[in-house]
Amino acid sequence: MQKVKQRRFLIVNGYHDIWHYVPMGSFGICDYLETKGIRSRIFNAAIYKKNNYIGKLNEVIGKYRPTHIGLVLHWKELLENVIFLSDTIKKAHPQITLVAGGITAGYLQKGLLKKCPSIDYVIKGDAELPLLKLISGLNIQRIPNLAYRDNGNIVINSCSYHIRSKELDGISYSNLSYLFDYNKYLKIIDNMGFPMFIGRGCIYNCLYCGGSKRAFEIHSGRKKVVNRSVKAIVNDLRRLLKYTDNIYFDYETDIAHIRELFTRILSDKMLNGKFRINYGTWSLMDAEIIDLYSRICRFDPHEKPVIEISPESSVERIRRCVRDRALCFKNSEMLQNIDDILKATSDGVIINVFCSRYHHKHKGISHLLAELYGIHSFREYYFRKGSCNNVDIHSSHLATDVASVYWDLANKNRTCDDPMDLLIKTHRRFCSHSAGEYEMDNMCIYHPDSLGEGLIFCYEQLIKWLDMLHDLMPHYYFTITKSVGIERVIQILMDAADQYYRKKKWDKFNNATTRSLIGIIHEGIGRRMGRIYSTSRIYFNDLERLFVKYCDVLESNRKRQSAGMPKKPVLDKSRCCISEFDYLADDFYKDLEGGINNVERKKTINLISNGYIHKMDYKFYPVLGLYDGENTPVDVYRKMKLIGPQSGIGEEDLSSIENFLRRHDREFTV
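Here it is in structure tokens:
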């Protein structure tokens, strides 16, 4: 085909507060078109501020002068912004042809043309060849995968073009120079890194996924997986080194393909050990993959790579109903797999485990609580092993992807709602968290019909409270749940949420502080467990006093920072607490197995600084005078070292405090 001159294509990825990623195929489309003589670039509105991305886009359009603009509608969350951008661009630049593409665009193909007059064309599925033909000015009736208007009628051509492996291998997906301000983009996505493009399609059918085999057939017309060769991926990695050393893999349709890729990286001196590799595993990592990963990844204790595992449900029975059977595993297998990964990497990674809500098998409160008990057991397992800093267990809202089975379930009783209207309405809830709406961390459209408004309200509040306690004060969370049982703690909090719901209903979610949650729990223990509470009153009062003090110190630190005061950690007498038990001792939690009354009573000094608690033996009580006035931890350490010999502070004690300060005060120097 003859090369086309003076045609310029600009891909525009819309603005969103959360979704910053450019879909991986965008870089490939630019590279593909460039080889055909069509100059192509990418503008990502999401890397700019909300109040100036339109100005920046107009500036780029003015200088770059595109003849065609491709609006990326891959992420469903960008629908409303894509509509806004299409109207804005067409009004200012009516001569520019606007084309929408991506998974969500393919699903909403007809609706977009019907409701968005500014959009001229919509491409379903693979866009490389259709875009080339369209931009080259060929007869639109003969362009595959294309939808358009003809005399007021919407015409949808057959979705007959599916890119082949050979074509993918001839395209680069790592040339970041196609993206305006790519350095700004790399900084924003720094947490998980630049995604590596491995292939398209899927062989699995998970009910919630918009990238499943079934979903790909619906929104992209794709029935088979197409992968890039290992050689092509390796070449992209080599090109990428000049831009970034932080990458993300998340595509396991063929684990043998990943194994071959990792083996090739291991043998490549230019690549081995050069990348921080963040990895999203679809099932569990087998022994060979773990070994290869541990040998090819660059490990940095200050910027640990992330591995993601998504069981989706902590209950094995639910998991088997939600995920493709080939991707299911037992909880014991997952815990062992995580242990194997941590051992192979010498605790050099962060492992994020994602459970989700809500699933079609969740029929009532008992099913929801079973999920929480499972999540608690995962968290407790790693707390006991001392791996809390390496393993995070999350409970997230399940995003309802277009073309997924859950999308169909969400729409079956909403025949009056247009899919586009439903997406926009839900997205506004997702962004605003207005009165009467709970706070979503993903766009959750589907809920089982059996779960009512009141139950969802209380469950949402319960998860929010448990996460607050666990994330901010893990020692308190596990101590109190072990002391009285996770079931009792959950029931106490559920009662509180229910009372709030009955009094104020959907007015607003209760903005309970962690300090107030402690009060709710201990009041509930006294009310529900009178006999146990009366015999262990000193224990419960002591535990409450220590962690209320901890909350007060955190609040004091927050106020200091908001007032513009120095962020240095501060120690004074108000940040010291004497407890009757050594709650932070390594063997304390283990001793709780025998019951509260069997725990040794041991007076302890607790120093609270910079969000951490450091314990000292009560024998050092006389030296607390060192805390008169405001001191940094470094000040206190130096005073202790100065008076150590005559105050009973030995080298071992100083070493312990020194290690504490090194971990929690960046400015600490001996």
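FYI, in this note's numbering the residues of the sequence shown are 1347 to 2016. Every residue, glycine too, gets a C-beta built ideally from N, C-alpha and C. Keep in mind it's a predicted model, so treat the numbers as computed, not measured.
Host beta strand (DSSP E) of residue i (start-end)
i	result
I1696	1696 to 1703
A1493	1492 to 1496
H1743	1737 to 1743
T1322	Residue 1322 lies beyond the residue range present for the chain, which begins at 1347 and ends at 2016; the question has no answer from this structure.
D1963	1958 to 1963
I1500	1499 to 1502
I1364	That residue, I1364, is in no beta strand (DSSP E); it is neither H nor E in DSSP.
I1384	Premise fails: I1384 is in no beta strand (DSSP E) and is neither H nor E.
R1467	The question names Arg, but residue 1467 in the sequence shown is Tyr. Its beta strand (DSSP E) spans residues 1467 to 1469.
Identity of the residues DSSP links to residue i by a beta bridge
i	result
E1658	C1701
H1414	F1355, T1443
M1786	According to DSSP, which records beta bridges pairwise, M1786 is partnered with nothing at all.
G1626	E1654
V1572	R1546
C1897	Note: C1897 sits in no beta bridge, so no partner.
L1768	L1768 pairs with nothing; no bridge assigned.
F1621	C1643
For residue i, the three-state DSSP class (helix, strand or coil)
i	result
P1541	strand
W1852	Unreliable placement is indicated for W1852, whose pLDDT of 49 sits below 50; the coordinate value is still reported in the next sentence. In this structure, W1852 counts as coil in the three-state DSSP scheme.
I1721	helix
D1685	helix
F1389	strand
F1803	helix
N1404	helix
F1595	strand
I1509	coil
V1830	helix
F1776	helix
F1824	helix
L1525	strand
W1811	helix
M1680	helix
G1798	coil
D1841	helix
V1748	coil
V1668	helix
K1905	helix
Q1348	Note that Q1348 has pLDDT 49, beneath the 50 cutoff, so the model's placement of it is unreliable and no number is given.
F1675	coil
L1532	helix
Anticipated Cβ contact below 8 Å, residue i with residue j, distance rounded
i	j	result
V1668	L1553	5 Å
I1469	N1485	Wrong, their Cβ atoms sit about 16 Å apart, outside the cutoff.
N1573	S1518	Wrong, their Cβ atoms sit about 16 Å apart, outside the cutoff.
I2018	L1718	Coverage of the chain is limited to positions 1347 through 2016, which leaves residue 2018 absent and any answer about it impossible.
P1476	I1442	About 18 Å separates the two Cβ atoms, so there is no contact after all.
N1618	I1642	5 Å
L1892	N1952	6 Å
S1796	G1720	Rounded, the Cβ-Cβ distance is 20 Å, inconsistent with contact.
First and last residue of the uninterrupted alpha helix (DSSP H) at residue i
i	result
H1565	1559 to 1566
V1576	1576 to 1586
K1437	1425 to 1438
D1754	1751 to 1757
I1486	Run containing I1486: none; DSSP gives neither H nor E here.
I1635	1633 to 1642
E1649	It is not in any alpha helix (DSSP H) - E1649 carries neither H nor E in the DSSP assignment.
S1882	Segment: none, S1882 is in no alpha helix (DSSP H) and carries neither H nor E.
L1451	Reading the sequence as shown, one finds Ala at residue 1451 and not Leu. Per DSSP, A1451 belongs to the alpha helix (DSSP H) from 1449 to 1453.
R1861	1860 to 1874
I1604	1601 to 1612
Any non-hydrogen atom of the ligand FAD closer than 7 Å to residue i Cβ
i	result
F1966	Ligands in the displayed structure: none, and consequently the ligand FAD is not present.
In chain order, which beta strand (DSSP E) runs of at least 3 residues are fully inside the stretch 1908 to 1948?
1922 to 1925
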